[in-house]
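Working notes, beginning with the structure itself.
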Amino acid sequence: MISLCMIVKNEEDNLDRCLNSAEGIADEIIIVDTGSSDSTVEIAKKYTDKVYFFEWIYDFSAARNFSISKATGDWILILDADDEVSSKSKCKIRELASNYSVDVYFFNTLNVMDENNKDEIIINQNPRLFQNKPGYRYEGEVHNQLISVIQKVNPNMVMKFAPIDIYHYGYLNSNIVKQKKRERNMNILLMQLEKSPNDPFVHYNIANEYFALNNKKEAYNHYLFAYNRVKPSTAFYPRLIIRMLLCCMDLGLYDDIHIYSNEALKYYPNFTDIYYINGIINHIIGRPTAAVRALEKSIIIGESPPFLAYFKGSGTYKSLENLYKIYFEFEDYEKCLECCFKLFKYPKKINIDFIKTVMHCMYKLKTPKEEKEKVLKIILDNNKKDGYIYASNILLMEKDYALALEYIDKGLKHLELQSIEESSSKDLANTLKYYKGVCEFNTKNYKKSILTLININSKNVMYYNIPHIFLAGIFTNDDKAIKFSINNSSYTGKVCKALYDILNNMSPEKLTDDKEESLKYKSIIFLMLRISLNIDDNTLFKQTLKLLDLINCNDIHLELGKLFYEYRKFNISKKELSLSIAQNHVIDKKGAKIFYNLL
1 MISLCMIVKN
11 EEDNLDRCLN
21 SAEGIADEII
31 IVDTGSSDST
41 VEIAKKYTDK
51 VYFFEWIYDF
61 SAARNFSISK
71 ATGDWILILD
81 ADDEVSSKSK
91 CKIRELASNY
101 SVDVYFFNTL
111 NVMDENNKDE
121 IIINQNPRLF
131 QNKPGYRYEG
141 EVHNQLISVI
151 QKVNPNMVMK
161 FAPIDIYHYG
171 YLNSNIVKQK
181 KRERNMNILL
191 MQLEKSPNDP
201 FVHYNIANEY
211 FALNNKKEAY
221 NHYLFAYNRV
231 KPSTAFYPRL
241 IIRMLLCCMD
251 LGLYDDIHIY
261 SNEALKYYPN
271 FTDIYYINGI
281 INHIIGRPTA
291 AVRALEKSII
301 IGESPPFLAY
311 FKGSGTYKSL
321 ENLYKIYFEF
331 EDYEKCLECC
341 FKLFKYPKKI
351 NIDFIKTVMH
361 CMYKLKTPKE
371 EKEKVLKIIL
381 DNNKKDGYIY
391 ASNILLMEKD
401 YALALEYIDK
411 GLKHLELQSI
421 EESSSKDLAN
431 TLKYYKGVCE
441 FNTKNYKKSI
451 LTLININSKN
461 VMYYNIPHIF
471 LAGIFTNDDK
481 AIKFSINNSS
491 YTGKVCKALY
501 DILNNMSPEK
511 LTDDKEESLK
521 YKSIIFLMLR
531 ISLNIDDNTL
541 FKQTLKLLDL
551 INCNDIHLEL
561 GKLFYEYRKF
571 NISKKELSLS
581 IAQNHVIDKK
591 GAKIFYNLL
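Position one of the sequence shown corresponds to residue 1 (the UniProt record's numbering), numbered consecutively onward.
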């Protein structure tokens, strides 16, 4: 018989989810409320008549032990209200309870860190299922401990890890802010610190609270205090090391990272997460070879053993993700593609940016068309509504205009057969028509491009549309297209008018001196610069550059440096970035990385 024991307070947003997920596992549900002011108690009573009240005395263990005292089952199952039992794990828990040779089972607690991404997970192993025996109780006011207490009662106790997944949502910002968990925990821990100022476990837990509050400096100080007073065999040592490394990364203590890593690996050579973190850090500090070596080691070892695991996927998809990005950055397309193909085993990791990388590698390696289309099919299968939009856009980026036109035509026919809301269908069709016009423009079929683009009645694509119509009009002496573009009342129309004057040897009017307005004009001017680079028209590019003198921006050289780098004009890119630094004292993270690569 399994007794589910819970302590709760103001958990109306979570409790239903937790108890629904635990349905069919427990024979008895014990819920102890410590002072809810919302509908938590009413929700609890829908699932059990064993709801008790416990006056809060700033001691989680006391409340937890009170709940256990009410249980009549042979086994105690511990869940928090912000937990959810994985659907795959439910039946396995009851099977575990038939083995009385084990005293305590540890489960995976999968801490969900991102509200929008359930795969962004930090792993804990926690004692969740244990026999209901005298003395098997908790101690510790906040991060209550069970194992050390049971070991005192039963030195021969048997612990076992079970591959049961419990999702925990308590670390999501929405839950932390609403329930003031950090403030509550810190107050209790500081009281503990007064009683036991040299207790490394108290310092470790205080550090965890500072870490969660993003105060890495204070966190590091408390972690360091604990580190200097514990042995590697201490239960929380592996997590202490990982948290210290993450603090060092934030604080720029890169030499310390290698010292702590090497020391930990002496005791735990299969600690994958350490290699994974070292891979990320080496990449950040410009040591790509060392980064690759560390990440490849992570993959060779595989996931850390359960008692060491911290990042879910550090020995598989997380390391592969970082590896393919490093290989891509340094243009090793063959190895990048090799990593990407391995990542296809993890469907949740496949997104549009990933597919863009795969396709770019394929084009660089001159992969056959049929192989590329297999990858594009993944987009179409996973995005029934706008798959052709994504596929056409990728092909446009790779300048495969012939294949892009094939997918655009297929997409337009696909929309005709779909039962999509009319306004949404029109928006998708207009985007595909815009792509078609761009393909025609970039293949210098300017008259066709004008006909395609000028008939698109959509504000969504107008910003991108008009520059192409204007330039196609210039190339074909189409006065109607030119006037259509110049007479547009938007910022784009004014940019077209200024460029028209420049091309006809007239003095253009200043577009603006206002810095905010200049940003709007700048984005349009850079769009036109890209268009001229796409069709390799150096004369048009030089004339378009003059538009930048008509606005007031101090980052022009920086943006030009990035643009030239993107189009592989490395010498000019380096010159522009140097001017940005020397004359304007302007550089950003991306610009600095490019400049470093060009040195």
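Note that beta-carbon positions come from the ideal geometry of N, C-alpha and C, so glycine has one too.
About 7 angstroms separates the beta carbon of residue 193 from that of residue 206, a gap short enough to meet the 8 angstroms contact definition. Note on geometry: alpha-carbon atoms of residue 111 and residue 74 lie some 28 angstroms from one another. Per DSSP, the beta bridge partners of residue 5 are 30, 78. Residue 26 counts as buried, since at least 16 other C-beta atoms from the protein chains shown sit within 10 angstroms of its C-beta. When the alpha-carbon of residue 14 is set against those of 158, 60, 167, the nearest one is in 167. Within the same chain, 245 come within 6 angstroms of residue 277 by CB-CB distance, once the 5 residues on both sides are set aside. Within the same chain, 317, 320, 321, 324, 349, 350, 354 come within 8 angstroms of residue 343 by CB-CB distance, once the 5 residues on both sides are set aside. According to the DSSP assignment, residue 255 belongs to no beta strand (DSSP E) but to the alpha helix (DSSP H) extending over 254-267.
Counting every other CB atom within 10 Å of its CB across the protein chains shown gives residue 284 a total below 16, marking it as exposed. By the Cβ test, the stretch 77-95 is in contact with the stretch 124-131, since at least three Cβ pairs between them sit closer than 8 angstroms.
Note that the C-beta distance between residue 374 and residue 388 is not below 8 angstroms. In the DSSP assignment, residue 149 falls within the alpha helix (DSSP H) that extends over 147-153. When beta bridges are read from the DSSP output, residue 110 appears opposite 123, 167. With a contact defined as Cβ atoms closer than 8 angstroms, residue 257 and residue 281 qualify at about 6 angstroms. Considering only 574, 80, 298, 64, the residue with the shortest C-alpha distance to residue 19 is 80. Annotation: the continuous beta strand (DSSP E) that includes residue 83 extends over 83-85.
A residue is called buried when at least 16 other Cβ atoms come within 10 angstroms of its Cβ; residue 134 does not meet this threshold and is exposed. Annotated as proximal: residue 309 and residue 123, with beta-carbon spacing under 8 angstroms.
Taken through DSSP and simplified to helix, strand or coil, residue 53 comes out as strand. A straight line joining the alpha-carbon of residue 97 with that of residue 2 spans about 8 angstroms. Judged by beta-carbon spacing, residue 581 lies beyond the 8 angstroms limit of residue 572, meaning their Cβ atoms are not closer than that value.
When the five nearest sequence neighbours on each side are left out, the beta carbons in the same chain lying within less than 7 angstroms of the beta carbon of residue 521 are those of 491, 495, 511, 512, 551, in order along the chain.
Looking at the DSSP output, residue 131 bridges to 75.
Residue nearest to residue 61 within the set 114, 138, 102, 32 is 138 (criterion: CA-CA distance).
The closest CA to that of residue 403, considering only 429, 440, 419, is found on 440. Counting C-beta atoms within 10 angstroms of its own C-beta, residue 358 has 16 or more neighbours from the protein chains shown and is therefore classed as buried. Non-local beta-carbon contacts of residue 473 in its own chain, meaning distances under 7 angstroms to residues more than five positions away in sequence, involve 450, 481, 482, 485 in chain order. In this structure, residue 115 sits near residue 172, with a CB-CB distance shorter than 8 angstroms. Taking the CA atoms as reference points, residue 213 sits about 11 angstroms from residue 186. The residue from 331, 360, 335 with its alpha-carbon nearest to that of residue 597 is 331. Residue 32 counts as buried, since at least 16 other C-beta atoms from the protein chains shown sit within 10 angstroms of its C-beta. Less than 8 angstroms divides the Cβ of residue 63 from the Cβ of residue 54. Per DSSP, residue 582 lies in no alpha helix (DSSP H) segment and is marked neither H nor E. Per DSSP, the unbroken alpha helix (DSSP H) holding residue 96 starts and ends at 90-96.
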